[in-house]
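Contents: one structure, followed by commentary.
In our numbering, the protein residues as written are 1256 to 1534.
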């Protein structure tokens, strides 16, 4: 039986978080039987790499050039070409934690992509397509993704070969590989042309774009109905815009940045109204 693999990446800045929070939460909450864990190395310290390897994590050296959000796909594809697996979970490392077992998702809908869309309108396609792709491909991408919800690239479950193909498409289509954001566009473009299933948002819970909100008790995230969230994603382009401060795994972590959180929710509500009114 082929194994499955969980792939993330990190540099030195987020290395301690990956070891002490991402990996700790993964080991505590996810059944890792028949699952390899891989961290693509973008400048981890010797201590961080030693800690990962001590915990049976495979450390794969990434390329030096390009923006990390883009080259993580290039390097993931390179790693997978050298190592055969059944299913892949590709996930952000520096801003996610696990709170429940997600291993069942490796066994369900195995022939298609499994992803989570954003819960609110952010006008992401409109901004990033126009600024990151050549004229010819812009129109092709827009025809595929227009009027569709934005799929977040932070958590992707996929069959082995289809994920490799996504990585190859990423390298081919992204014009400016040093830019932040075009990876998300290619993820949407490729997956919307493939077979896919939307997962419950508890498997990639992005607080700022979830209309129904959330609750934090003793450092643990819950949905408003009291159900524990499986994968919490403190998403944001920079630390300042992330809705949770002191994000981590444990009782002493996770306080809401009320001003940032409510400002972003208000912004997305306005964008949603704008798009419905003028599109």
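Built from N, CA and C at the ideal position, the CB exists for glycine as well. These figures come from a predicted structure and were not determined experimentally.
Asked                                                                                                                                                   : Found
Look at the alpha carbon of residue 1259 and the alpha carbon of residue 1360, and state the distance between them as a whole number of angstroms.      : 11 Å
Could one say the Cβ of residue 1410 lies closer than 9 Å to chain C's Cβ atoms, at least one of them?                                                  : Chain labels in this structure do not include chain C; a single protein chain is all it has.
Given a threshold of 16 other Cβ atoms within 10 Å of its Cβ, counted over all protein chains shown, does residue 1429 qualify as buried or as exposed? : buried
Under 8 Å: do the segment 1418-1434 and the segment 1320-1334 share three or more Cβ pairs, one atom per stretch?                                       : yes
Quick one, are the C-beta atoms of residue 1511 and residue 1500 less than 9 Å apart?                                                                   : yes
Whose CA, out of 1407, 1400, 1390, 1354, lies closest to the CA of residue 1370?                                                                        : 1407
Could you compute how far the alpha carbon of residue 1339 sits from the alpha carbon of residue 1476?                                                  : 35 Å
Hey, could you find the ends of the beta strand (DSSP E) residue 1265 is sitting in?                                                                    : 1259-1265
Taking the alpha helix (DSSP H) that residue 1331 belongs to, which residues open and close that run?                                                   : 1323-1337
Could you have a look at residue 1453 and say whether DSSP puts it in helix, strand or coil?                                                            : strand
Please identify the residue among 1282, 1497, 1462, 1327 whose C-alpha is closest to the C-alpha of residue 1346.                                       : 1327
Report yes if the CB atom of residue 1364 is closer than 9 Å to the CB atom of residue 1457, and no otherwise.                                          : no
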